[in-house]
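Written out below as structure tokens is the structure these notes cover.
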Amino acid sequence: MSTEAAPARAAAAPATFVRRRPPVAVRRKRFLVGVATHSLLIVGAIVFLLPFVFILLTSLMTSQQALSPRLWPQPFAWHNYIDVFSKAPLWRYALNTLLYGGLATLGLLVSSIPVAYALSRLRWRGRDAVFLITLVALMLPPQVTIVPVYVLWAKLHLVGSLWPLIVPNWLGDAFSIFLLRQFFLTIPEEYLDAARVDGCGEFRILTTVVLRLAKPAIAAVALFSFLFCFNDFFGPLLYTGESSQHWTLSLGLSQFRSLYQVQWNLVMAATLIVMAPVIVLFFLAQRAFVEGVTLTGVKG
Amino acid sequence: MRAPAASPPIQLDRTAAKRRAAWRRRGIVLAFMSPWLVGFTVFFAYPLVMSAYLSFTHYDLLSSPKWIGLANYRFLFTKDQTVWPAVKNTLWFIAIAVPLQVLFALGIAVMLSRARKGVGAFRTVFYLPALAPPVAATLGFVYLLNPATGPVNTILEKAGIQGPLWFDSPQWSKPSLTLLALWGVGNTMIIFLAAVLDVPQHLYESAQLDGAGFIARVRFVMLPTISPVILFAVVLGVIEGMQYFTQAYVAANVAGGSASYSAEAANALGYPEDSTLFYPVLLYQQGFRYFNMGYASAMAMLLLAVSFAVTFIIVQNSRRFVHYQGPGR
Chain A
50 MSTEAAPARA AAAPATFVRR RPPVAVRRKR FLVGVATHSL LIVGAIVFLL
100 PFVFILLTSL MTSQQALSPR LWPQPFAWHN YIDVFSKAPL WRYALNTLLY
150 GGLATLGLLV SSIPVAYALS RLRWRGRDAV FLITLVALML PPQVTIVPVY
200 VLWAKLHLVG SLWPLIVPNW LGDAFSIFLL RQFFLTIPEE YLDAARVDGC
250 GEFRILTTVV LRLAKPAIAA VALFSFLFCF NDFFGPLLYT GESSQHWTLS
300 LGLSQFRSLY QVQWNLVMAA TLIVMAPVIV LFFLAQRAFV EGVTLTGVKG
Chain B
4 MRAPAASPPI QLDRTAAKRR AAWRRRGIVL AFMSPWLVGF TVFFAYPLVM
54 SAYLSFTHYD LLSSPKWIGL ANYRFLFTKD QTVWPAVKNT LWFIAIAVPL
104 QVLFALGIAV MLSRARKGVG AFRTVFYLPA LAPPVAATLG FVYLLNPATG
154 PVNTILEKAG IQGPLWFDSP QWSKPSLTLL ALWGVGNTMI IFLAAVLDVP
204 QHLYESAQLD GAGFIARVRF VMLPTISPVI LFAVVLGVIE GMQYFTQAYV
254 AANVAGGSAS YSAEAANALG YPEDSTLFYP VLLYQQGFRY FNMGYASAMA
304 MLLLAVSFAV TFIIVQNSRR FVHYQGPGR
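Those sequence lines, one after another, are chains A and B. Numbers 50 to 349, taken from the numbering used here, label the letters of the first sequence in order. Numbers 4 to 332, taken from the numbering used here, label the letters of the second sequence in order.
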């Protein structure tokens, strides 16, 4: 019935709804609104980009110029980007950041994926209560638990190393569990049942079926985790503040200016060097980013 | 399904098998959950209880905790001269910077949703600053706004305006941090943009037929439809506002020009004149610079109570403003 009616209506549609050109006044108003919107957007975009531009320009000035009110470098001091590596052990910081981000992210995925699976696709008593408690853990400011956790690491004599930053991620992370669970819930039960009928255990279903279907979500979670570690300042400050050989890029950068008081050109070069990896990563993995950000918002 | 010739021994066998299967399933759940059960206990439940205990003690990490009853709380509420400014600063940030952030993100999202050309490029540009690592972004802003040679004041001067002292002035330090926060509003903006684009077109059209102009369509169609997302952004903003630390710490340290990581640096916190001494910064200072760990725990307990209360109040009152689509939850 409906299959017959549908094409007929579709055929009739162009005949009945001929799109009339709107009157001149309406068209002019639309055009003006469009121009206004776009000019506002362009001005906004310029304002948003200007800080990057000024940081870049200053990073290319000589130190005298950086102290003058000039805005354009003359001549361009490209060697700042070489000097900066001799002023601060940036490679050391980068290595520490990679260690922190890499080990934490890896452990976080290995531990959080099965938890998210158990919280979404296995049926057991108390599951919803456990999930609710996980959400509470997510909402709480980390400062609430920081004192005893610090005492714990101090007693293990691990303050002054990267381990207090890395190890907790090996035992699951509330935010990642939450995100992965939300995504796992969207996988149709039929896929899992089909695998069960074929004699798969839950572990194999997780590693073969779910992991493959959830690749975008897992990529987003990995990306967020790595970025969190890269940007993290409170953790490294707390646990590695007094042992500079373990500083990450974020912490090292924050101390940079104190070491080279007024050399704004070098400070800005270092700032850009720290910003660059994240921005490159963004352009390489833009889809995972946007997907991940919307994934956090959709279930709000 | 053939009805089995139910003889008692077979039945017994099957219940045993069922029980075994049930135990097996419990084992699987336990195995899958085990990382989080350990992680939650060690890094969340235990520290929470311990924090509550330590808040009644005097503890400096070297000697064992000494029970002092309510003394920490008494000091916190009545004697400590720095707590009230810290609370005020944090409240300032939540009451002014967070709503501004939400409005700003919403404004950009609405404009982006109306743009016809270059949406992708604009979206990338507005999102990019959110990616800048907080420490790097803060350093950048302290330079941009530095009163002596910063580009912003240089340009203002060329326009004949005497720029403020920004991060060096107690009146302008928090507005400067707010500017920094507005620059990094990209995440919220992306979420809003997705929500705004999700508003069903037919709702706008029927409103338009009823004679609703642009403002009315935003007010009566778009805002109610995306209100759950706005609530989400506000709650998240308030939670983040209560934890606001990195930018305040780095800005105070860098603008204050203190020596590197050292005891003196602790005194630079809140520069200038405690105007950037936010509650988490004070907690850090008490706990990890002065090692008043009992007192810091008391501060943490207050933070816990306040963050629970605030989240609860927002969610409770949200029913009046938030419109959920579809069948009631």
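A virtual CB, placed ideally from N, CA and C, is assigned to each residue, including glycine. The model shown is predicted, which means the values in this text are computed figures rather than measured ones.
Interface partners of A:F97 on chain B, CB under 8 Å: Position 48 of the first sequence, counted from the first residue, corresponds to residue 97 of chain A. Those within 8 Å of A:F97 in chain B are V128, F129, L131, P132, W186.
When burial is assigned at 16 or more other CB atoms within 10 Å of the CB, is B:A139 buried or exposed? In the second sequence, the residue the question calls residue 139 of chain B occupies position 136. Burial call: buried.
Return no unless some Cβ of chain B is closer than 8 Å to the Cβ of A:V329. For the purposes of this step, residue 329 of chain A is identified with residue 280 of the first sequence, where counting begins at 1. No, no contact with chain B.
Taking the C-alpha atoms as reference points, what is the distance between A:V20 and A:V102? Nothing about residue 20 of chain A can be reported from this structure: the residues present for chain A run from 50 to 349 only.
Between the alpha carbons of A:Q231 and A:L260, how many angstroms are there, rounded? Within the first sequence, numbered from 1, the residue matching residue 231 of chain A stands at position 182. Within the first sequence, numbered from 1, the residue matching residue 260 of chain A stands at position 211. If you take the alpha carbons of A:Q231 and A:L260, they lie about 14 Å apart.
Short check: CB of A:S161 to CB of A:D222, under 8 Å? Locating residue 161 of chain A in the first sequence gives position 112, counting from the first residue. Locating residue 222 of chain A in the first sequence gives position 173, counting from the first residue. Yes, they are a contact pair.
Determine the closest residue to A:I95 out of B:Q204, B:I194, B:V128, B:A55, with distance taken between C-alpha atoms. As a working note, residue 95 of chain A is residue 46 in the first sequence. For the residues B:Q204, B:I194, B:V128, B:A55, the minimum Cα distance to A:I95 belongs to B:V128.
In whole angstroms, what is the alpha-carbon distance linking A:R70 and B:P283? On the first sequence, residue 70 of chain A is found 21 positions in, with the first residue counted as 1. On the second sequence, residue 283 of chain B is found 280 positions in, with the first residue counted as 1. Near 60 Å, if we compare the C-alpha coordinates of B:P283 and A:R70.
Report yes if the CB atom of B:L272 is closer than 8 Å to the CB atom of B:Q288, and no otherwise. Against the second sequence, residue 272 of chain B aligns to sequence position 269. Against the second sequence, residue 288 of chain B aligns to sequence position 285. B:L272 places its beta carbon less than 8 Å from that of B:Q288.
Euclidean distance between Cα positions of A:L287 and B:R27: Within the first sequence, residue 287 of chain A is the residue found at index 238, counting from 1. Within the second sequence, residue 27 of chain B is the residue found at index 24, counting from 1. Straight-line Cα distance between these residues: approximately 43 Å.
Select from B:L159, B:P132, B:L234 the residue whose C-alpha is nearest the C-alpha of B:L182. Here residue 182 of chain B refers to the residue found at position 179 when the second sequence is read from its first residue. Residue B:P132 is the option with its Cα nearest to B:L182.
My guess is that B:M296 and B:L57 are in contact by the Cβ rule of under 8 Å, so how many angstroms apart are they, rounded? Position 293 of the second sequence holds residue 296 of chain B. Position 54 of the second sequence holds residue 57 of chain B. In this structure B:M296 touches B:L57 by the C-beta definition: roughly 6 Å separates them, less than 8 Å.
From what residue to what residue does the alpha helix (DSSP H) around A:A269 run? One-based indexing of the first sequence puts residue 269 of chain A at position 220. It spans 264-280 - the alpha helix (DSSP H) in which A:A269 sits, taken as one unbroken run.
Would you identify the three-state DSSP class for B:W70, choosing helix, strand or coil? As a first step, residue 70 of chain B is located in the second sequence; it is residue number 67 there, counting from the start. Three-state DSSP puts B:W70 in a strand.
For the stretch 71-121 of chain A, list the alpha helix (DSSP H) runs that are entirely contained and at least 4 residues long, ordered along the chain. 73-108, 112-115
Given a cut-off of 8 Å on the beta-carbon distance, is the pair A:S108 and A:A318 in contact? Translated into the one-based positions of the first sequence, residue 108 of chain A becomes position 59. Translated into the one-based positions of the first sequence, residue 318 of chain A becomes position 269. Yes, they are a contact pair.
Only counting the same chain, and skipping five residues up and downstream in sequence, which positions put a Cβ closer than 7 Å to that of B:F324? Numbered from its first residue, the second sequence carries residue 324 of chain B at position 321. Excluding residues within five positions, the ones whose Cβ falls inside 7 Å are S230.
Does the beta carbon of B:I111 come closer than 8 Å to any beta carbon on chain A? Position 108 of the second sequence, counting from 1, holds the residue named residue 111 of chain B. So yes, B:I111 belongs to the interface.
Tell me the DSSP secondary structure of B:S278 in three-state form. Counting from one through the second sequence, the residue named residue 278 of chain B turns up at place 275. It is coil, neither helix nor strand.
In the DSSP output, what is A:S210 paired with across the bridge? Your numbering for residue 210 of chain A matches position 161 in the first sequence. For A:S210, which the question treats as bridged, DSSP gives the partners A:V208.
May I ask you to list the residues that DSSP assigns as paired with B:H61? Start at 1 with the first residue of the second sequence, and residue 61 of chain B comes out as number 58. Partner(s): B:K69.
Taking its Cβ as the centre, do 16 or more other Cβ atoms sit within 10 Å of A:W296, making it buried, or is it exposed? In the first sequence, counting from the first residue as 1, residue 296 of chain A sits at position 247. By the neighbour-count definition (other C-beta atoms within 10 Å, threshold 16), A:W296 is a buried residue.
A:I267 and A:L158 - do their beta-carbons sit closer together than 8 Å? Taking the first residue of the first sequence as 1, we reach residue 158 of chain A at position 109. Taking the first residue of the first sequence as 1, we reach residue 267 of chain A at position 218. Yes. Within cutoff.
Could you give the residue range of the alpha helix (DSSP H) that holds A:D247? Within the first sequence, numbered from 1, the residue matching residue 247 of chain A stands at position 198. Careful: A:D247 lies outside any alpha helix (DSSP H) and carries neither H nor E.
Determine the burial state of A:E53: buried for a count of at least 16 other Cβ atoms within 10 Å of its Cβ, exposed for fewer. The residue given as residue 53 of chain A occupies position 4 in the first sequence. With a pLDDT of 43 at A:E53, under the threshold of 50, the modelled position of that residue is not reliable, and the figure given next carries that caveat. Under this definition A:E53 is an exposed residue.
Quick check on the burial criterion: 16 or more other C-beta atoms within 10 angstroms. Buried or exposed for A:P124? Against the first sequence, residue 124 of chain A aligns to sequence position 75. The residue is exposed, with fewer than 16 neighbouring Cβ atoms inside 10 Å.
According to DSSP, simplified to helix, strand and coil, what is B:V325? One-based indexing of the second sequence puts residue 325 of chain B at position 322. In the structure shown, B:V325 sits in coil (DSSP, three-state: anything other than H, G, I, E or B).
So, using beta-carbon positions, are B:T279 and B:S176 closer together than 8 Å? Position 276 of the second sequence, counting from 1, holds the residue named residue 279 of chain B. Position 173 of the second sequence, counting from 1, holds the residue named residue 176 of chain B. Yes, the pair counts as a contact, with Cβ atoms nearer than the cut-off.
With 16 as the cutoff for other CB atoms within 10 Å, does B:Y264 come out buried or exposed? Taking the first residue of the second sequence as position 1, residue 264 of chain B is located at position 261. With a pLDDT of 49 at B:Y264, under the threshold of 50, the predicted position of this residue should be treated as unreliable, though the coordinate-derived value follows. Label assigned to B:Y264: buried.
Do A:T320 and A:L333 have their beta-carbon atoms positioned less than 8 Å apart in this structure? Stepping through the first sequence from its first residue, residue 333 of chain A is reached at position 284. Stepping through the first sequence from its first residue, residue 320 of chain A is reached at position 271. For A:L333 and A:T320, no; Cβs fall outside 8 Å.
What three-state label does DSSP hand A:Q312 in the structure shown? Translated into the one-based positions of the first sequence, residue 312 of chain A becomes position 263. Reduced to three states, the DSSP call for A:Q312 is coil.
Could you tell me whether the Cβ of A:M110 comes closer than 8 Å to any Cβ of chain B? As a position in the first sequence, residue 110 of chain A is number 61, starting the count at 1. Not closer than 8 Å to any Cβ of chain B, the Cβ of A:M110 fails to qualify, so no.
Would you grab the beta carbon distance between A:I110 and A:A85 for me? Rounded to a whole angstrom, and I think it's under 8 Å. Taking the first sequence and counting its residues from 1, one reaches residue 110 of chain A at position 61. Taking the first sequence and counting its residues from 1, one reaches residue 85 of chain A at position 36. Before going further, note that residue 110 of chain A is Met rather than Ile in the sequence given. About 37 Å separates the two Cβ atoms, so there is no contact after all.
Is it a yes or a no for the stretch 143-154 of chain B touching the stretch 162-170 of chain B, going by three-plus beta-carbon pairs under 8 Å? yes
Evaluate contact between the stretch 303-310 of chain B and the stretch 202-219 of chain A, counting only Cβ atoms and requiring at least three cross-stretch pairs below 8 Å. The count of Cβ pairs closer than 8 Å, one atom from the stretch 303-310 of chain B and one from the stretch 202-219 of chain A, stays below three, leaving the stretches out of contact.
Along chain B, which residues have their Cβ under 8 Å away from the Cβ of A:I104? Translated into the one-based positions of the first sequence, residue 104 of chain A becomes position 55. Here the neighbours are G143, Y146, L147.
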